[in-house]
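Each remark here refers to the structure printed beneath this line.
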Amino acid sequence: MSKDPTRSLLVRQGAPFSLKKYDPADTLGWEKEGAKAELEKVKARLDVLQQRLFAEERRSVLLVLQAMDAAGKDGTIRNMLSGLNPAGVRVTGFGVPGGPETQHDYLWRVHAAAPGKGEIGIFNRSHYEDVLVVRVKEFVPKSVWSKRYDHINAFERLLTDEGTTVVKVFLNVSNEKQRERLQERVDDPEKRWKFRAGDLDDRALWPKFQAAYHDAIKRTSTAAAPWYVVPADRNWVRNLAVATILLHHLEAMQPKLPDPDPSVVGCVVE
Ligand code: ADP
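Here the sequence shown is numbered in my numbering, starting from 496 and rising by one per residue.
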């Protein structure tokens, strides 16, 4: 068994892919009791590497989060932020385009939100909405959205060529768990604000959304900008998996502290 079970969540470019084969309730061989301590270890290491990335100021990381409603995007982001220095993190949520966004191509607002050098960017929804909700709800014809997979691959290629590590995560929640969580939002006054009547419309379109996710992941998981399908029915698995995936990519980048100014080495501070 591989030491890091999140490697099994990676969608390999060109390999056969079926979204249905990923179990949303998978625990990846982890146990809940030990997961908390493991998450703290992962976060401690993330903290060190993020500081180096920030100090190096040459490259960036973009974590794209996509999911059906109630899969836990917000909870994942809250968890990630509790382990990172907020000064070096930029979180951007993408909703229905409005104002000047409607006057430009769909990647315009996305490119503007890409992380700067030294930063970790987290996208809460993203340009993928333009091949997901836009496709499912037929906001544009197929002749328009079907060209977008190629645009997206080229766009992400541009980002990676220019020094951004792009990591994409689909939080894979089951239909039944989504039902439970949406019901909780209706029933719990503390959670009710999260519930929109439109969530039920999207839920009714579940099979179409799953098909759109399947195609998007299959067509845009590349070696440079891979997708991971993360089990999202259990929050503790989801949190540990996303943090571990991010850590894997940061480790691979090997960010380095800048060389110290020679005049500073050995300097005595009085
Ligand atoms: P969330 O559901 O992510 O917590 P919101 O309730 O603000 O946040 O929902 C954002 C909505 O915006 C979602 O329904 C999403 O499908 C929609 N959206 C995002 N990007 C686009 C887009 N490019 N075109 C149309 N709708 C979009």
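A virtual CB, placed ideally from N, CA and C, is assigned to each residue, including glycine.
Which residues in the same chain as residue i place their Cβ atom closer than 6 Å to its Cβ, once the five residues preceding and following it in sequence are excluded?
| i | result |
| --- | --- |
| Arg-676 | Ala-565 |
| Thr-501 | Ala-736, Thr-739 and Ile-740 |
| Tyr-623 | Gln-561 and Ala-711 |
Tell me, to the nearest whole angstrom, how far the beta carbon of residue i is from that of residue j; I am working on the premise that it is less than 8 Å.
| i | j | result |
| --- | --- | --- |
| Leu-560 | Ile-615 | That belief does not hold up - the Cβ atoms of Leu-560 and Ile-615 are roughly 13 Å apart, past 8 Å. |
| Thr-715 | Ser-555 | Between Ser-555 and Thr-715 the Cβ distance is about 19 Å, and since that is not below 8 Å, they are no contact. |
| Asp-694 | Phe-704 | Not a contact, Cβ separation roughly 12 Å. |
| Val-664 | Ala-719 | Wrong, their Cβ atoms sit about 16 Å apart, outside the cutoff. |
| Leu-514 | Val-724 | 7 Å |
Helix, strand or coil for residue i? Go by DSSP, reduced to three states.
| i | result |
| --- | --- |
| Trp-731 | helix |
| Phe-665 | strand |
| Pro-555 | Just to set this straight, residue 555 is Ser in the shown sequence, not Pro. It is a strand residue. |
| Val-537 | helix |
| Pro-726 | strand |
| Phe-634 | coil |
| Gly-593 | coil |
| Met-496 | Residue placement at Met-496 is flagged as unreliable, the pLDDT there being 40, under the threshold of 50; the coordinate-derived value follows with that caveat. Note: Met-496 maps to coil in three-state DSSP. |
| Thr-571 | helix |
| Phe-618 | strand |
| Val-681 | helix |
Quick one: Cα of residue i to Cα of residue j, how far?
| i | j | result |
| --- | --- | --- |
| Val-760 | Met-748 | 26 Å |
| Pro-755 | Arg-547 | 13 Å |
| Arg-630 | Tyr-644 | 12 Å |
| Lys-642 | Ala-707 | 14 Å |
| Phe-512 | Gln-678 | 32 Å |
| Val-737 | Ser-758 | 41 Å |
| Gly-567 | Ala-649 | 29 Å |
| His-709 | Ile-647 | 15 Å |
Under 8 Å Cβ to Cβ from residue i, same chain only, skipping five residues before and after it: list those, please.
| i | result |
| --- | --- |
| Val-681 | Arg-687 and Phe-690 |
| Pro-592 | Tyr-601 and Arg-604 |
| Leu-627 | Gln-561, Phe-704, Ala-707, Tyr-708 and Ala-711 |
Quick check on residue i: buried or exposed, where buried means 16 or more other Cβ atoms within 10 Å of its Cβ?
| i | result |
| --- | --- |
| His-599 | exposed |
| Ala-692 | exposed |
| Ser-638 | exposed |
| Met-496 | For Met-496, the predicted structure reports a pLDDT of 40, less than 50, and the residue's modelled location is therefore unreliable. The matter cannot be settled from this model. |
| Ser-621 | buried |
| Thr-597 | exposed |
| Lys-538 | buried |
| Pro-721 | buried |
| Val-763 | exposed |
| Arg-674 | exposed |
| Ala-767 | Outside the modelled stretch of the chain, which goes from 496 to 765, sits residue 767, for which no answer is possible. |
| Asn-574 | buried |
| Val-732 | buried |
| Glu-651 | buried |
| Gly-529 | exposed |
Identify, in the order they occur along the chain, each residue of the same chain with its Cβ nearer than 7 Å to the Cβ of residue i, setting aside the five sequence neighbours on each side.
| i | result |
| --- | --- |
| Ala-520 | Ser-669, Pro-726, Asp-728 and Arg-729 |
| Arg-540 | Leu-742 |
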